[in-house]
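Read in order, the letters of the sequence shown correspond to residues 180 to 249 in the numbering used here.
Cβ coordinates follow ideal geometry from the N, Cα and C atoms, glycine included.
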Amino acid sequence: MQFKVTSSYYDEASKYLIYTATGERDGARYTVSSRVKCLKPPNTPERLHMVVLLALTDQFKRPSPSGKRG
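Now the structure itself:
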């Protein structure tokens, strides 16, 4: 899975990272906008990338509306 975080915002009060990422997985392009709760603020680009990678991995494990798993 290859992706790029196109925008992100960390809300200190709620501890949520709101992000948008685009990329390619199994030959299909995707754009995801979501939010994820963080235990620590993602202060560095590496931490931001890891947080989004974990969130995307979790989202792609879920069955799609068609019932297929990726």
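What is the C-beta distance between residue i and residue j, in whole angstroms, given that I count them as a contact (C-beta under 8 Å)?
| i | j | result |
| --- | --- | --- |
| T210 | T223 | Wrong, their Cβ atoms sit about 24 Å apart, outside the cutoff. |
From the options, pick the residue whose C-alpha is nearest to that of residue i; which is it?
| i | options | result |
| --- | --- | --- |
| H228 | A207, I197, G206 and P244 | I197 |
| R214 | E191, M180, V231 and R241 | V231 |
DSSP state of residue i, grouped into three classes?
| i | result |
| --- | --- |
| T236 | helix |
| R226 | helix |
Report the rounded CA-to-CA distance for residue i versus residue j, giving the unit in angstroms.
| i | j | result |
| --- | --- | --- |
| S193 | F239 | 25 Å |
| A234 | E203 | 15 Å |
| V184 | S243 | 22 Å |
| F182 | K219 | 22 Å |
| F226 | C217 | The identity of residue 226 in the sequence shown is Arg, whereas the question assumes Phe. R226 and C217: Cα-Cα distance of roughly 11 Å. |
| Y188 | R241 | 25 Å |
According to DSSP, what are the bridge partners of residue i?
| i | result |
| --- | --- |
| D190 | Y195 |
Kindly indicate if chain C contains any beta-carbon less than 8 Å away from that of residue i.
| i | result |
| --- | --- |
| R204 | The structure shown has no chain C; it contains just one protein chain. |
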